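Just so you know, we're using UniProt numbering here: the sequence shown kicks off at 1 and counts up by one. The structure under discussion appears below in the form of structure tokens.
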Amino acid sequence: MRQMKLGYYATSTGGHIAGWRHPDAYADHGANLSRVAEMARLAESACLDFLFLADSITMRGRDWDVLARSSNRYVAQFEPLTLLGALAASTSRIGMVATASTTYEEPYNLARRFASLDLLSDGRCGWNIVTSSNPNEPGNFSMDGLIPHADRYRRAAEFVEVVKGLWNTWDAGAQIRDKEAGLFFDAAGMRLLNHVGEHFQVRGPLNVPRSPQGRPVLVQAGASGPGRDLAAGVGEVIFSTIADYETARDFYRDIKRRAAEKGRDPDRVLVMPAVNIYVAPTREEARAKYDEVRELIEPVVGRAFLEMMLATSLGNAPDDGPLPELATDNTTTSGVFKVQAEARREGLTIRELYLRMADKDSFSLFGTPADIADQLQHRFEGEAADGYVFMPAFFPNCLTDFTTMVVPELRRRGLFRDAYSATTLRGHLGLD
Numbered sequence: 001m002r003q004m005k006l007g008y009y010a011t012s013t014g015g016h017i018a019g020w021r022h023p024d025a026y027a028d029h030g031a032n033l034s035r036v037a038e039m040a041r042l043a044e045s046a047c048l049d050f051l052f053l054a055d056s057i058t059m060r061g062r063d064w065d066v067l068a069r070s071s072n073r074y075v076a077q078f079e080p081l082t083l084l085g086a087l088a089a090s091t092s093r094i095g096m097v098a099t100a101s102t103t104y105e106e107p108y109n110l111a112r113r114f115a116s117l118d119l120l121s122d123g124r125c126g127w128n129i130v131t132s133s134n135p136n137e138p139g140n141f142s143m144d145g146l147i148p149h150a151d152r153y154r155r156a157a158e159f160v161e162v163v164k165g166l167w168n169t170w171d172a173g174a175q176i177r178d179k180e181a182g183l184f185f186d187a188a189g190m191r192l193l194n195h196v197g198e199h200f201q202v203r204g205p206l207n208v209p210r211s212p213q214g215r216p217v218l219v220q221a222g223a224s225g226p227g228r229d230l231a232a233g234v235g236e237v238i239f240s241t242i243a244d245y246e247t248a249r250d251f252y253r254d255i256k257r258r259a260a261e262k263g264r265d266p267d268r269v270l271v272m273p274a275v276n277i278y279v280a281p282t283r284e285e286a287r288a289k290y291d292e293v294r295e296l297i298e299p300v301v302g303r304a305f306l307e308m309m310l311a312t313s314l315g316n317a318p319d320d321g322p323l324p325e326l327a328t329d330n331t332t333t334s335g336v337f338k339v340q341a342e343a344r345r346e347g348l349t350i351r352e353l354y355l356r357m358a359d360k361d362s363f364s365l366f367g368t369p370a371d372i373a374d375q376l377q378h379r380f381e382g383e384a385a386d387g388y389v390f391m392p393a394f395f396p397n398c399l400t401d402f403t404t405m406v407v408p409e410l411r412r413r414g415l416f417r418d419a420y421s422a423t424t425l426r427g428h429l430g431l432d
């Protein structure tokens with residue numbers, strides 16, 4: 001029987017913009033190793049496939065009042081690869097996926113760091129491939145502006161090609177360390193890369209041996225046309241934040257189709273959307289958990305979040321007033337039009353709208369364990385997901401609830417493993 005893959009979002013203080021304010025929340029989770037390790041071991045005890053670390057190489061936003069009231073705009077957290085190096089020593093089975101950008105890195109350096117982490121963790125590492133589009137970032141790298149969108153993706157495609165090539169400059173078993181023969185490695189099992197391309201010239205070889213899984217698992221979250229092409233071409237796990245079922249199903253089918261057109265096996269390209277879950281023994285209790293977190297949203301943060309989603313300023317429009325007419329052009333997304341239509345149809349104020357939208361950037365559920373499992377199973381069996389990346393609103397309660405209530409219900413239905421049967425991330429995901 002086909003089973004779900006499950007990961008969890010381990011970044012900062014959780015996936016909700018106000019989760020850190022909950023009385024029980026680990027408000028320092030993003031920069032406290034003991035807290036992060038505790039949560040990783042909890043997820044490992046439930047046999048989850050991997051933990052997922054999103055990242056940005058600078059804070060997101062320039063409004064200091066908003067940033068000062070935010071925990072999930074990358075204002076205080078560990079650099080992911082450094083953190084995962086530490087977690088490798090305090091876990092033994094759970095996979096570990098770190099985000100790293102192709103825009104401000106060199107392929108050799110990144111290939112070396114990920115290969116080292118993969119070796120340190122005995123083959124449990126994955127790389128979430130991103131390009132950087134935050135306008136705050138170029139100023140940290142002696143640049144005046146962003147690299148154009150199309151150029152970023154061409155660079156990314158070549159970057160990944162180089163990194164994969166470097167990981168393959170050593171054959172498995174080439175590091176023979178034969179004391180009697182006096183051979184530390186077998187030269188026949190090593191090769192130069194000698195890559196010469198538009199953006200990179202890289203000789204190789206990498207000076208890190210292969211890990212037990214061969215190379216890290218490649219994760220991608222392409223949404224645009226070029227992003228989907230990159231995901232379908234190189235991604236082995238595809239992350240998304242699509243809330244609507246039909247749109248999620250269309251995305252799933254599109255990624256599988258593109259992968260097949262590129263000569264890849266679609267079954268080895270796993271689509272894993274994000275999901276927010278509030279679970280309790282009764283629906284009323286679950287709804288209360290959801291409402292409790294929503295009510296913690298600071299007005300200035302909620303308003304800024306809504307402006308980010310709408311890609312425009314709300315000007316002086318009051319929070320207790322309606323959403324004003326917004327200027328649109330040919331770059332305005334269908335999602336923005338849907339939000340505007342929803343606000344007008346239901347007569348929502350700006351405050352009511354940002355409270356509602358705080359969870360709508362991904363698939364959100366609240367209910368009993370059976371309710372949650374019903375919805376996850378529906379999308380899993382309905383060609384919209386191969387599994388999910390759970391986004392706890394905050395730690396530790398939400399991850400505890402997921403592992404002690406939702407995971408057992410999925411197991412009861414035969415939809416998730418009872419125990420690990422592999423030791424590497426590739427093995428967990430069926431990609432070995």
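For every residue, glycine included, the Cβ atom is placed at its ideal position computed from N, Cα and C. Just so it is clear, the structure is predicted and the values come from calculations on it, not from any experiment.
Residue i versus residue j: straight-line alpha-carbon distance, rounded
i: His16; j: Arg69; result: 13 angstroms
i: Pro322; j: Gly347; result: 7 angstroms
i: Tyr9; j: Arg379; result: 20 angstroms
i: Lys256; j: Arg351; result: 39 angstroms
i: Pro148; j: Asn136; result: 15 angstroms
i: Ala260; j: Pro266; result: 6 angstroms
i: Ser56; j: Lys164; result: 23 angstroms
i: Gln340; j: Phe305; result: 15 angstroms
i: Pro212; j: Gly233; result: 24 angstroms
i: Gly145; j: Phe390; result: 34 angstroms
i: Ile242; j: Ala188; result: 47 angstroms
i: Met357; j: Met309; result: 9 angstroms
i: Leu415; j: Leu429; result: 14 angstroms
i: Tyr153; j: Tyr245; result: 28 angstroms
i: Val66; j: Asp28; result: 18 angstroms
i: Asp24; j: Glu79; result: 25 angstroms
i: Val336; j: Ser364; result: 19 angstroms
Residue i - partner residues in DSSP beta bridges
i: Trp170; result: Met190
i: Thr349; result: Pro322
i: Leu51; result: Tyr8 and Met96
i: Gln201; result: Val196
Buried/exposed call for residue i, threshold 16 Cβ in 10 Å
i: Arg345; result: exposed
i: Ile5; result: Sequence check: residue 5 is Lys here, not Ile. When all chains shown are included, Lys5 counts as buried.
i: Asn128; result: buried
i: Asp178; result: exposed
i: Lys289; result: buried
i: Ala111; result: buried
i: Gln77; result: buried
CB contact flag (residue i, residue j, <8 angstroms)
i: Leu355; j: Gly302; result: yes
i: Phe395; j: Arg93; result: no
i: Pro107; j: Phe52; result: no
i: Gly235; j: Val269; result: yes
i: Val219; j: Gly126; result: yes
i: Ala150; j: Ser90; result: no
i: Gly19; j: Val208; result: no
i: Val271; j: Asp432; result: no
i: Leu399; j: Ala43; result: yes
i: Ser132; j: Tyr104; result: yes
Distance cut-off 7 angstroms: residue i Cβ against heavy atoms of the ligand ZN
i: Glu44; result: This structure lacks the ligand ZN; in fact it carries no ligand of any kind.
Residue from the options with nearest C-alpha to residue i
i: His199; options: Asp178, Glu161 and Glu285; result: Glu161
i: Thr349; options: Asp320, Thr368 and Pro324; result: Asp320
i: Leu83; options: Arg60, Asn32 and Ser45; result: Asn32
i: Pro273; options: Glu295, Asp24 and Glu383; result: Glu383
i: Leu296; options: Asp374, Ala393 and Gln201; result: Ala393
i: Thr99; options: Ile238, Thr400 and Gln377; result: Ile238
i: Glu409; options: Leu376, Asn397 and Leu425; result: Leu376
i: Arg60; options: Tyr74, Ala311 and Ala54; result: Tyr74
i: Ser71; options: Thr403, Arg228, Val202 and Thr13; result: Thr13
i: Arg283; options: Ala370, Phe185, Gly197 and Cys47; result: Ala370
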